[in-house]
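In my numbering, the protein residues as written are 467 to 616. Glycine included, every Cβ here is placed at the ideal spot set by N, Cα and C. What follows is a set of notes on a single structure, which appears directly below.
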Amino acid sequence: MIEDEDGFRTAGITGKDFLWKCWMKNKDPPAVLRKRATGALWKLSPAERKAQKLMWQHQIYESEREEVALALKTIKTARDELKGLQQTTDANILSKARVIGCTTTKAAMCKSLLNGVGAEILLVEEAGEIREADVLTWYVCAHLIGLFSR
467 MIEDEDGFRT
477 AGITGKDFLW
487 KCWMKNKDPP
497 AVLRKRATGA
507 LWKLSPAERK
517 AQKLMWQHQI
527 YESEREEVAL
537 ALKTIKTARD
547 ELKGLQQTTD
557 ANILSKARVI
567 GCTTTKAAMC
577 KSLLNGVGAE
587 ILLVEEAGEI
597 READVLTWYV
607 CAHLIGLFSR
């Protein structure tokens with residue numbers, strides 16, 4: 467016999483949630499537990515039991531879903547604010563530079579930032595992977611230098 471912390475004894479049954487498992491599998495519980503397995507829930511069909519389980523899960527986790535949605539919204543707001551602060555910092559630093567060097571990937575990601583600071587010289591690495599005209603169409607500077615690798 468198994469005794470729980472409240473002193474109740476269960477005979478011949480092991481594992482937690484045994485009645486729940488019986489109910490979900492549409493099986494009758496053993497004789498020792500039949501008194502606890504009475505009522506309308508035990509008369510439901512397998513499809514009705516599945517629907518009931520889903521309804522219970524929805525009710526149980528509704529508040530958690532709302533909390534997670536709120537937390538995700540807060541995280542997105544903080545991330546957007548942090549990104550704005552980082553862009554302001556980057557703009558302040560780059561505005562003092564005469565020469566800016568970066569890869570074509572970073573240049574494409576930061577084209578509005580690079581245009582906003584207006585450096586005299588833009589040094590672009592990996593320029594061999596793109597056409598010069600593609601870089602020239604979005605960035606205006608006095609000198610554009612492309613580094614090619616062969």
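Selected residue, minimal CA-CA separation from V565, among N581, K501, G550, Q518: The shortest C-alpha separation from V565 is found at N581.
CB contact flag (L589, D556, <9 Å): For L589 and D556, no; Cβs fall outside 9 Å.
L485 versus K539: straight-line alpha-carbon distance, rounded: Pairing L485 with K539, the inter-Cα distance amounts to about 40 Å.
Test item: CB-CB of M490 and K509 under 9 Å: Cβ distance not < 9 Å, so M490 and K509 don't count as in contact.
Endpoints, beta strand (DSSP E) assigned at C568: Per DSSP, the unbroken beta strand (DSSP E) holding C568 starts and ends at 565 to 569.
Close beta carbons around G473, own chain, < 6 Å, minus the five adjacent residues each side: Counting only Cβ-Cβ distances below 6 Å, and skipping sequence neighbours, we find nothing.
Classification of A535 by the beta-carbon crowding that lies within 10 angstroms, buried from 16 upward: Counting the other CB atoms within 10 Å of its CB gives A535 a total below 16, which places it among the exposed residues.
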